[in-house]
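Structure first, then comments.
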Amino acid sequence: MSTEYNKPLPVPQKWSQEFWKGTKDHKFLLKKCKDCGNIDHPPYYYCTECMSLEHEWVEASGKGTIYTYSTTYMGAPPVFTKEQPFTLAMIDLAEGPRMLSRIVDAGPEEIKIGADVEVVFEDVTEDTTLVMFRLVK
Amino acid sequence: MRRVAVIGTGHSKFCFNSEKTQVEMLAEVALDAINEANITPKDVQAVNVGNVLGDFEEGQGMVQSFFANDIGCFNVAASRFEGACASGSMAVRDAVMWVASGYYDIMLVGGVEKATAMGTPLATRTFAMFGDSRYEFPAGFTFPAVFALLAHLYSNKYGIPLPALKEQMAAVSVQSHEYAVKNPNAQIHKAISKEDVLKSFMVSTPIQLQDACPFSDGAAAVVIASEETAKKLVKKPVYFAGIGQASSGKLSSQQKYLPRIRARELASQQSYSMAGLTPKDMDLCELHDCFSIAAMIAAEGLGFFDYGTSGLAWEKGQTRIGGKIPINISGGLKAKGHPIGATGVSQVYEVTRQLRGDMAEQGRQVDGAKYGIIDTLGGDGVLVSMILSTM
Ligand SMILES: [Zn+2]
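Keeping their order, the protein sequence lines are chains A and B. Going by the numbering used here, the first sequence opens with residue 655, and the numbers climb by one from there. Going by the numbering used here, the second sequence opens with residue 193, and the numbers climb by one from there.
See below:
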């Protein structure tokens, strides 16, 4: 861990720092609009439904389903080459948003559109924890 | 606004590992375009260039100014455009607006790229910069993966079983290679079969190597002028009937619309509306087939086929010369090649020459074509559409 992690790290924005603080504590926080209830993920500066800036952070259930996916066998940038094959997906979260992430601990043949997934937290450095998903078996 | 026309064109052979620098490549195609326009470099009032990664490729930025100086366009305004794979089209569209406004009368627009100088690992890394680097790249997202996600989504949403979709995708690549054989500027002069596509390496499921365009080097240029000037200089000016450009955010921001690409639909609607034309009026199309599935999505977004049916159209030959809408008769990005900064300018070159009737000797003329549309997609975020016309 820590110093050996040479892959790109997410860049927290002013409006997403709470999310990254949450993942560090293994909490999956979503930014919810106080005016209309819409949840945006990744977090936006404003609510994409009503443009409001009033918001609260709510903890997600971590459950979702696969909306679409692909397993990469070749062509990933060098820092990801050793991990091939790996599976990327769009996931419909139980709370509504559709997010991009990675499916871990599953063979390509097991992954299907509509499959149930749950969140896993990957501590990649001392400061950064990424949100990924695994199949609910 | 004044009407604006293409009056000169130039195009290098697209290739892997060009021996020329980007400034050399640009200079050659620009002088071809200037000669064809019956002007001299000192007649050029401003230069626009599409160039995406020149800095990474050769350690040379500012190619627009250096090449302009090298060919004798001294001290003109020279601007570089970066919108990933749509950079060249952005450079053309911007120039059209300057000339339409009356600010300039004659402009030179070039596009150039030398992607293969980077080697595949750096090329893959730098190309991935045009997706979102804050949330999406850390998970390993690349453009093959993005279009692969869209392919699975396309299959699911339109109820096309994956094996059938894969055959449709293969038909797109097969057609592009077939026409590229007739295009002397194309990077790949080799026909391929459906089987060749389906047995090629798996890149990102379900996209295989032969569903994807290559890394390329090359350049293209056009000279554009106001209608009045154009008519004095050349016999067959080709006019910009409509132009459009739209953008979108990171992939996740487009999630409600996918696999359709909203920015494409907006950009092309701008073009059609400005031209007073519809998809049915188009006689040919050069569209952004960075991947076979991308071509299918583009053909639907431009209004040529119903959603979920364009693969069948390719299989039935409706996208060939003589079909409903001839698409990528150049060989497309897939086989003509995709030097990213040059691609949009190359598309304008291609459609201009088709509308002038210049392609007969290459055996790939769309006879009597009056209107052609180009479509270029850059990264997650830019779509450019332009309609060219003989009248
Ligand atoms: Zn709201």
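All residues carry an ideal CB built from backbone N, CA and C; glycine is no exception.
Check	Outcome
Do the region 445-465 of chain B and the region 487-502 of chain B touch if we need at least three Cβ pairs shorter than 8 Å?	yes
On a CA-only basis, which of B:Val-574, B:Ser-581 and B:Gln-554 is nearest Leu-547 (chain B)? Give me that one, please.	B:Ser-581
Using only the heavy atoms of ligand 1, determine whether one of them is closer than 6 Å to the beta carbon of Asp-694 (chain A).	no
Comparing the CB of Ser-445 (chain B) with every heavy atom of ligand 2, is any distance shorter than 6 Å?	For the structure depicted, ligand 2 is absent and the ligand set comprises only ligand 1.
Whole angstroms is fine: what's the gap from Ala-505 (chain B)'s alpha carbon to Thr-511 (chain B)'s?	7 Å
By how many angstroms is the C-alpha of Ala-307 (chain B) removed from the C-alpha of Phe-497 (chain B)?	33 Å
Figure out for me which residue from A:Thr-719, A:Cys-687 and A:Glu-764 has the closest Cα to the Cα of Asp-746 (chain A).	A:Thr-719
Do Lys-374 (chain B) and Arg-556 (chain B) have their CB atoms nearer than 7 Å?	yes
Near Glu-507 (chain B), which residues of its chain fall below 8 Å by C-beta distance, leaving aside the five closest residues on each side in sequence?	Glu-359, Gln-360 and Ala-363
Note down the Cα distance separating Val-389 (chain B) from Ser-368 (chain B), rounded to an integer number of angstroms.	12 Å
DSSP has Phe-432 (chain B) in a bridge; who is on the other side?	B:Leu-580
Quick one: is Met-193 (chain B) buried, meaning 16 or more other Cβ sit within 10 Å of its Cβ, or exposed?	exposed
Hey, is Ser-706 (chain A) close to ligand 1, as in C-beta under 6 Å from one of its heavy atoms?	yes
Assuming contact is defined by CB atoms lying nearer than 7 Å, are Ala-260 (chain B) and Ala-276 (chain B) in contact in what I supplied?	no
For the alpha helix (DSSP H) that His-344 (chain B) lies in, which residues bound it at each end?	335-349
DSSP state of Ala-238 (chain B), grouped into three classes?	strand
Would you say the region 227-235 of chain B touches the region 781-790 of chain A, given that touching needs at least three Cβ pairs under 8 Å?	no
Hey, would you say the C-beta of Glu-710 (chain A) is under 6 Å away from at least one heavy atom of ligand 1?	no
Pick from B:Ala-315, B:Gly-536 and B:Leu-342: whose alpha carbon is nearest that of Phe-208 (chain B)?	B:Ala-315
Using beta carbons (cut-off 7 Å, strictly below), is Thr-722 (chain A) in contact with chain B?	yes
Anyone know if the C-beta pair for Ala-222 (chain B) and Val-268 (chain B) falls short of 7 Å?	no
Please tell me whether, using a cut-off of 6 Å, the distance from the CB of Glu-749 (chain A) to the nearest non-hydrogen atom of ligand 1 is below it.	no
Who are the neighbours of Val-244 (chain B) on chain A, taking C-beta pairs under 8 Å?	What Val-244 (chain B) touches in chain A: nothing, since even the nearest Cβ is about 16 Å away.
Just confirm the distance between the C-beta atoms of Pro-732 (chain A) and Pro-313 (chain B), as a whole number of angstroms; I'd bet it's less than 8 Å.	4 Å
On the premise that Ser-279 (chain B) lies in contact with Gly-570 (chain B), defined as a C-beta separation below 8 Å, what is that separation, rounded to the nearest angstrom?	7 Å
Report all residues from its chain with a CB closer than 6 Å to the CB of Lys-205 (chain B); omit the five preceding and five following residues, and keep chain order.	Asn-377
Run down chain B in chain order and give the residues with a C-beta less than 9 Å from the C-beta of Ala-760 (chain A).	Within chain B, no residue comes near Ala-760 (chain A); the closest Cβ sits about 13 Å away, beyond 9 Å.
With 7 Å set as the bound, which would you pick, yes or no: does the beta-carbon of Gln-446 (chain B) sit closer than that to a beta-carbon of chain A?	no
Give a yes or no on whether 7 Å exceeds the smallest Cβ distance from Ala-714 (chain A) to chain B.	no
Who are the Cβ neighbours of Val-301 (chain B) in its own chain at under 7 Å, not counting the five residues just before and after it?	Asn-240, Ala-283, Val-284, Ala-287, Ala-413, Val-414, Ile-416 and Val-537
For Ser-670 (chain A), does the three-state DSSP call read helix, strand or coil?	coil
Taking His-709 (chain A) and Lys-675 (chain A) to be in contact with their CB atoms under 8 Å, please state how far apart those CB atoms are, rounded to whole angstroms.	Wrong, their Cβ atoms sit about 15 Å apart, outside the cutoff.
For the region 319-330 of chain B, enumerate the residues whose C-beta is nearer than 8 Å to any C-beta of chain A, in chain order.	Ala-320, Ser-325, Arg-326, Tyr-327, Glu-328, Phe-329 and Pro-330
In chain A, which residues lie less than 9 Å from Pro-313 (chain B) when you measure between Cβ atoms?	Pro-731, Pro-732 and Thr-735
Given 8 Å as the limit, is there contact between the region 751-768 of chain A and the region 239-259 of chain B, that is, 3 or more CB pairs closer than that?	no
Roughly how many angstroms separate the alpha carbons of Gly-200 (chain B) and Ile-298 (chain B), rounded to a whole number?	11 Å
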